[in-house]
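Enquirer: Per mature numbering (1 follows the signal peptide of the UniProt record, and there is no 0): the sequence shown = residues -36 to -1, 1 to 143.
Here you go, one structure.
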Amino acid sequence: MLRSMTKTPPAALARTLPVALCLAVLAGAPATPAFAFKEVKQAAPAEPQAPGAVPRATLGWDLIADVREEQSVVDGMLRYRAVFGEALQKLDGADFTIGGWIIPLEQSEKSAHFLLSALSPTCPFCPPPGPADLIEVRTTEPVQFSYEMVTLKGRLKLTGEDPNGLYFRLEEAKASPTG
């Protein structure tokens, strides 16, 4: 009789092991602290975004979106030139308000010359901004660098064939309060 108790057939073990494990888990459940089952609420996003959406500034960027790029070869070099739509050409030299993120051109807390991007530079999953997503900015007073979106007002200039590959410039700009 002792011999039969020490050797359990594999089929019987396979049937009893899952039942034994379930009973052990259920027996331990009442001893589990209540805080282990506390519901954790996640903050809802500020606004719904489509899957794969890129954090993007909207203030002003829709007005300057009517631009396309033409390529040509000059002296064996590939050159790019911006071609602006008719409505956008009317904004050349006009007062313009735009929101975006500062991309500094120098290492300092404040700067009067920087790039403004339609795309957040701190988003690790976002593509880098293209020429139509950047504006070269020159301000009347230095602006404090921030990782938050800023709003600027100045005079919009269309550059077209800038040697740095930028299509837009905001001159005599001033930071506007965001609200």
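The beta-carbon is built from N, C-alpha and C at its ideal position, and this holds for glycine as well.
These numbers were taken from a predicted model, which means no experiment stands behind them.
Let me know if alanine 58 comes out buried or exposed under the rule of 16 or more other beta-carbons within 10 Å of its beta-carbon.
Expert: exposed
Enquirer: Taking all protein chains shown into account, do 16 or more other C-beta atoms lie within 10 angstroms of the C-beta of leucine 42, making it buried, or fewer, making it exposed?
Expert: exposed
Enquirer: So what does lysine 117 bridge to, in DSSP terms?
Expert: Thr61, Lys138
Enquirer: Go through its chain and collect everything with a Cβ distance to arginine 32's Cβ below 6 Å, but skip five positions before and after it.
Expert: Non-local C-beta neighbours of arginine 32 in its own chain, meaning closer than 6 Å and more than five positions away in sequence, comprise Val47, ordered along the chain.
Enquirer: Curious, which full-length alpha helix (DSSP H) runs of at least 4 residues does the region 36 to 89 contain?
Expert: 50 to 53
Enquirer: Helix, strand or coil for proline 127? Go by DSSP, reduced to three states.
Expert: coil
Enquirer: Can you tell me which of the three DSSP states proline 95 falls into?
Expert: helix
Enquirer: Considering only the beta carbon of each residue, do phenylalanine 109 and proline 68 sit closer than 7 Å?
Expert: Taking 7 Å as the Cβ cut-off, phenylalanine 109 and proline 68 qualify as a contacting pair.
Enquirer: Inspect the CB distances between the region 65 to 83 and the region 118 to 127 and report whether three or more fall short of 8 Å.
Expert: no
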